[in-house]
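There are 2 protein chains.
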Amino acid sequence: MSFTNEQAYCVATYRCFEEKADFHKKAQSIAVGLTVGSWTDIPEARKAEMEKHLGRVVSVDVHEPAAGESASARYADIRIAYPDVNFSRDIPALLVTVFGKLSMDGRIKLIDLSFSESFLSAFPGPKFGLEGVRGLLGVQDRPLLMSIFKAVIGHDLPALKEQFYSQAAGGVDLIKDDEILFENPLTPIERRVEACMEAAEQARRETGQKLLYAANLTGPTFGLLEQAKKAIGAGANALLFNVLAYGFDTLAELSRHPDIRVPIMAHPAMAGAFYPSPHHGISAAVLLGKLMRLAGADLVLFPSPYGSVVMPREENMAIKDALLTGDAADYRYAAGAGSALSLKQSFPVPSAGIHPGLVPLILKDFGTQVVVNAGGGVHGHPMGAIAGGRAFRQAIDGCLADVPLDEYAEGHPELKAAIAAWGLKG
Amino acid sequence: MSFTNEQAYCVATYRCFEEKADFHKKAQSIAVGLTVGSWTDIPEARKAEMEKHLGRVVSVDVHEPAAGESASARYADIRIAYPDVNFSRDIPALLVTVFGKLSMDGRIKLIDLSFSESFLSAFPGPKFGLEGVRGLLGVQDRPLLMSIFKAVIGHDLPALKEQFYSQAAGGVDLIKDDEILFENPLTPIERRVEACMEAAEQARRETGQKLLYAANLTGPTFGLLEQAKKAIGAGANALLFNVLAYGFDTLAELSRHPDIRVPIMAHPAMAGAFYPSPHHGISAAVLLGKLMRLAGADLVLFPSPYGSVVMPREENMAIKDALLTGDAADYRYAAGAGSALSLKQSFPVPSAGIHPGLVPLILKDFGTQVVVNAGGGVHGHPMGAIAGGRAFRQAIDGCLADVPLDEYAEGHPELKAAIAAWGLKG
């Protein structure tokens, strides 16, 4: 069997744990079993024709347990190339091909995916992306600041509007709905959007600053487009979407639709059902990185390595790289050196447990192409939510001016109070 | 805080592993954090009004590690009741509420869900269900037999038709597409359905037996309904659907749609990304049992405990129970004793590694309300695929006649050859 690169392949990398298996044999059985079924059963006369449908083993890297490690730590990273001709150019088809039945076959985790140029070309990717979001806000030179509603369930429109205003007035760039706020009689989406956009306008008159409000897009799948149009019609200038509860293709369909003229923010709700196990599921970099960007998320939330909902720093950096890289080789199988990736960047939004004293660390880890996202760090500020927003903006300004934050805080009482309350890191 | 049952709640059960945590405190923080956010922050005057939005701790069962067990084995099963008033009556809203952010919060697995009567009433469930499928086939008194195409990728219509006929002629009741067969130029869905239904008709004239052909429903989410109508228009009398690649709500939307006049068979592709870890994800009984039935799957495939893709028997039985139970108490939180569940049954289809000699074991585990499902066990029969189907039907007949299969095989050469090839169990 020859393996030429002339044909288009998508490549899956698996980490596969087995104490005794012949991993090369296992790799072969995956490559054949998930494509043509059986190679030996194919009549000789048909083999030439069937070869283009056959999966290929790209590599098998076996990691034997180190001295003192248990035999159960033995694993191999197996890369299999699947011919594009076998599946349609959508994410469900790709995932069912590479990790449908195989996901149930013992201790195996999908740790990477790369795509053929042709598969990739079927995805317009983020409609706005990082630069587009910056353009809408007119902010090019600093990390953005996002604030999350505190409590929203059981609150009425005036309460929501007041909470919105107190976030906006502090100078935040984006405000998102709580992901657990669904259609409800107190704050239905159109009324909520109207009320919040009024509060945004009021704050803009005072701060001179634009703001994006991501309204939570929820409800039955086949009604999402209508629901989104209602929200946009009422003035929503962004949408929040619980992607994993609906599947990546629904995001892709929404994102590529011409009537969705606003950025989509992907929430990671349910992601913990997939990525944390070392032995099962899908890695965070694939789930919250590559697939979110491919499906067209303009901004992607994921657990930060700083707060209560913790993700190891290494996984965070892998998500960031997947959202920001411009190098086609990171996404495209057999891409030429130095060629540019066709997808716009998705804005990384590391979330949970963020307070102003963490800003130096966030900027060290993520650079300036990041959205600093806070909930309690805004609302819980000792001087109130408006001061909370200001403290974050001061922390960002201090970092960009390269002034140590404890020093910068001397002239900025909101930042000083935040550091006194929550400390300073980095 | 009083906790009355007058209000509607959906209840999630989590298995939560922590070496030192105060699990009662943790349970409280989940119940409050995922509903009203914070109880102490709510002004006294508003508490009466907010109480209906507050989550409640139903129970906390702590399992301390046994002597000799590692501290990391310490866990608690925590049950939290979430007020219906907080979420819309769809599966994404429920899952995002109960296991959105929480899924990322350490070692925690969603192991059970029960629903309020009101939430449940929003779901018509399977349109046909087990009895409906039996009715379409006219078979009431025995387990059904299903056969899976062997290899399909790269095959043209005549080859597919021939393979279909050789399965149908052996007496199988259902034939399903391979879940990795997508829209493709060789066998597009309408042409494929026409060819296969012709083969079904040819077999019916010979065997006198009806047959359901589940065509694989694939492609972009917002086009699935049109794609399904095309398949049904071309004669498909069932559909196969990779539910987890699209989300449960898409199944629910399809299943409840009046134009989907055929049973839907749920494939478990990607399920292994969720259920196998003891510490993360969603249990098989919730994922492939309760949620599939709630979303309206008429038949549900899941890994059998017999074959190469193995699931422990206990988990298999839990899925079966979830698909078949008629007791409302298994689904409904605070259901009255002995009340009947409103959902039709979903047909359980344990799959992978099935050969005729396993039929006694399958019937022992599942009774007669089961679909015996085979791929290699039909196609790999020493006397060919037609004989493969017959061998299974003979095995089923022998079991129902209460004759030991080795004895029954004496008068049935196809069964005898199957047992000689693969052995006999149970």
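Keeping their order, the protein sequence lines are chains Z and H. Residue 1 is where the first sequence starts when you use my numbering, and the numbers rise one by one after that. Residue 1001 is where the second sequence starts when you use my numbering, and the numbers rise one by one after that. A virtual CB, placed ideally from N, CA and C, is assigned to each residue, including glycine.
Same chain, Cβ closer than 8 Å to residue 43/Z, five either side skipped, listed in chain order: none
Reduced DSSP secondary structure (H/G/I, E/B, other) of residue 408/Z: helix
Where residue 265/Z sits in the DSSP three-state scheme: strand
DSSP state of residue 1113/H mapped onto helix, strand, coil: strand
Contact list for residue 50/Z against chain H, beta-carbon separation under 8 Å: 1154
Minimum Cβ-Cβ distance from residue 1397/H to chain Z less than 8 Å: no
Rounded C-alpha distance that separates residue 1392/H from residue 1015/H: 40 Å
Residue 1343/H versus 1093/H, 1237/H, 1222/H, 1132/H, residue with shortest Cα-Cα distance: 1132/H
Chain Z contacts made by the segment 1086–1116 of chain H, where a contact means CB separation under 7 Å: 1086, 1087, 1088, 1090, 1092, 1093, 1095, 1096, 1097, 1099, 1100, 1101, 1103, 1104, 1105
Supposed contact pair residue 1053/H and residue 1096/H - C-beta distance, whole angstroms, cut 8 Å: Rounded, the Cβ-Cβ distance is 16 Å, inconsistent with contact.
Residue range of the unbroken beta strand (DSSP E) whose run includes residue 241/Z: 238–241
Proximity to residue 428/Z [Cα-Cα], best of 325/Z, 176/Z, 158/Z: Summary: the structure shown does not reach residue 428/Z, with chain Z confined to residues 1 through 426, and so no result is reported for it.
Spatial distance of residue 37/Z from residue 1181/H (CA atoms): 12 Å
Cutoff 8 Å: residue 1150/H Cβ touching any chain Z Cβ: yes
Selection of the segment 1225–1245 of chain H by Cβ proximity to chain Z, strictly under 9 Å: 1225, 1242, 1244, 1245
Which of helix, strand or coil DSSP assigns to residue 1089/H: coil
Selection of the segment 199–222 of chain Z by Cβ proximity to chain H, strictly under 8 Å: 218, 219, 220, 221, 222
Where the alpha helix (DSSP H) containing residue 1350/H begins and where it ends: Careful: residue 1350/H lies outside any alpha helix (DSSP H), inside the beta strand (DSSP E) at 1347–1351.
Contact the segment 241–249 of chain Z vs the segment 1270–1281 of chain H: 3+ CB pairs below 8 Å: no
Nearest-angstrom Cα separation, counted from residue 1178/H out to residue 1167/H: 14 Å
Interface partners of residue 355/Z on chain H, CB under 8 Å: Result: empty, since nearest Cβ-Cβ is about 17 Å, beyond 8 Å.
8 Å Cβ cutoff, residue 1270/H in contact with chain Z: yes
CB contact check: residue 1273/H to chain Z, cutoff 8 Å: yes
Where residue 249/Z meets chain H, residues with beta-carbon distance less than 7 Å: 1220, 1221, 1246
Those runs of the beta strand (DSSP E) which lie wholly inside the segment 25–105 of chain Z and span at least 3 residues: 56–63, 75–83
Identity of the residues DSSP links to residue 303/Z by a beta bridge: 351/Z
Residues within the segment 29–42 of chain Z neighbouring chain H, beta-carbon criterion of under 9 Å: 34, 35, 36, 37, 38, 41, 42
Chain-order list of residues whose beta-carbon lies under 6 Å from that of residue 8/Z (same chain, five-residue window excluded): 84, 116, 118
Contact with chain Z by residue 1281/H, beta-carbon distance below 8 Å: yes
CB-CB length for residue 293/Z against residue 125/Z, believed under 8 Å: 6 Å
Beta-carbon proximity of residue 251/Z to residue 232/Z, cut-off 8 Å: no
Spatial distance of residue 1366/H from residue 1320/H (CA atoms): 7 Å
Among 66/Z, 89/Z, 388/Z, the one whose alpha carbon lies nearest that of residue 1219/H: 89/Z
Cβ of residue 53/Z within 8 Å of any chain H Cβ: yes
Cα-Cα separation, residue 1153/H to residue 121/Z: 23 Å
CA-to-CA distance, residue 1164/H to residue 1199/H, given in whole angstroms: 6 Å
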